[in-house]
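Structure first, commentary second.
In full-length UniProt numbering, the protein residues as written are 1 to 276.
What follows is the structure, encoded as structure tokens:
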């Protein structure tokens, strides 16, 4: 029996992943700001421990981990899932909106990871799975600041993959596209307080798209949760895992653009080295 610690487990991906882990016979430390929400969703289960965790509070992370270790003795899988989005132009996104976003999506992820890793290092095994986004691979209008938090998660995850592998711990960053969760609802997505008319043709259209796409996204959240179980079961997990047809299309398009620009600007790029 493995033990999972899942952040943001009161709804969305977090709840579905917890259900999959419990169904597989594993133990789950399910965390949220209000653990009662977890119990309301998942019910009572002998392998479930609902714990209060505000990821922006480092002391909360250590307390949640300590409670989980006391109950189950170990942590084998960390799912850094807690997070939210901000929709708005880069210029429209205020300092306070940006700071709040980074506090959860980046610094919160780091708080929980630092609390868990000493236990994984001691047992010389574990899986760290960081939920990013296609927005962490390619930025897009309206999602620039949100995407920047996921770009940070991508960089952290790549470094973790290299640092932890010799210790028997695997780190993977997962890049979902648009899945039919409540991510585009008001409880998960904040729209910037400032709206500038000059961005009507770009970010304005993205706001309209987001409203229309809500609960009509192409990705199936249940299949996402099943993919997380398959990832944890894989003997040789990847450094990154893209999920969703929209994600694959965006990654392939960006890779083609990067290759094209490298070729076009290759001569100038190579000209900047010292000459022997």
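From the three backbone atoms N, C-alpha and C, an ideal C-beta is built for every residue, glycine too.
Can you name the start and end residues of the alpha helix (DSSP H) that residue i belongs to?
i	result
residue 111	109–123
residue 161	144–164
residue 12	12–23
residue 270	266–270
residue 38	35–42
Kindly indicate if chain C contains any beta-carbon less than 9 Å away from that of residue i.
i	result
residue 2	Looking for chain C here will not work: only one protein chain is present.
From the options, pick the residue whose C-alpha is nearest to that of residue i; which is it?
i	options	result
residue 192	222, 146, 221	146
residue 47	156, 269, 24, 34	24
residue 74	271, 121, 135	121
residue 171	232, 63, 270, 260	232
residue 176	168, 157, 66, 247	247
residue 152	264, 163, 95, 138	138
residue 72	207, 15, 2, 54	2
residue 174	9, 242, 42	242
residue 51	29, 164, 200, 95	29
residue 109	26, 155, 276, 252	155
residue 15	198, 38, 27	38
residue 45	254, 26, 63, 53	26
residue 250	5, 70, 133	133
Could you spell out where the beta strand (DSSP E) holding residue i opens and where it closes?
i	result
residue 2	No beta strand (DSSP E) holds residue 2; DSSP gives it neither H nor E.
residue 130	126–131
residue 106	First-last for residue 106: undefined, no H or E at that position.
residue 52	48–52
residue 29	27–32
Measure the beta-carbon distance from residue i to residue j and round it to whole angstroms, keeping in mind my assumption that it falls under 8 Å.
i	j	result
residue 56	residue 107	7 Å
residue 80	residue 34	Rounded, the Cβ-Cβ distance is 19 Å, inconsistent with contact.
residue 49	residue 36	No, residue 49 and residue 36 are not in contact; Cβ-Cβ is about 13 Å, not under 8 Å.
residue 150	residue 136	3 Å
residue 189	residue 83	Actually they are not in contact, since the Cβ atoms of residue 189 and residue 83 sit about 11 Å apart, beyond 8 Å.
Which partner residues does residue i have in the DSSP bridge list?
i	result
residue 69	Partner(s): none; residue 69 has no beta bridge.
residue 90	Paired residues: none, contrary to the question.
residue 85	189
residue 80	130
residue 232	None, per the DSSP bridge assignment.
residue 173	130, 240
Please determine if the stretch 120–136 and the stretch 86–102 are in contact, where contact requires at least 3 C-beta pairs separated by less than 8 Å. no
For the 8 Å Cβ check, are there 3 or more pairs between the stretch 77–92 and the stretch 142–160? yes
Is the stretch 220–232 touching the stretch 5–21 in the sense that three or more CB pairs, one from each, lie closer than 8 Å? yes
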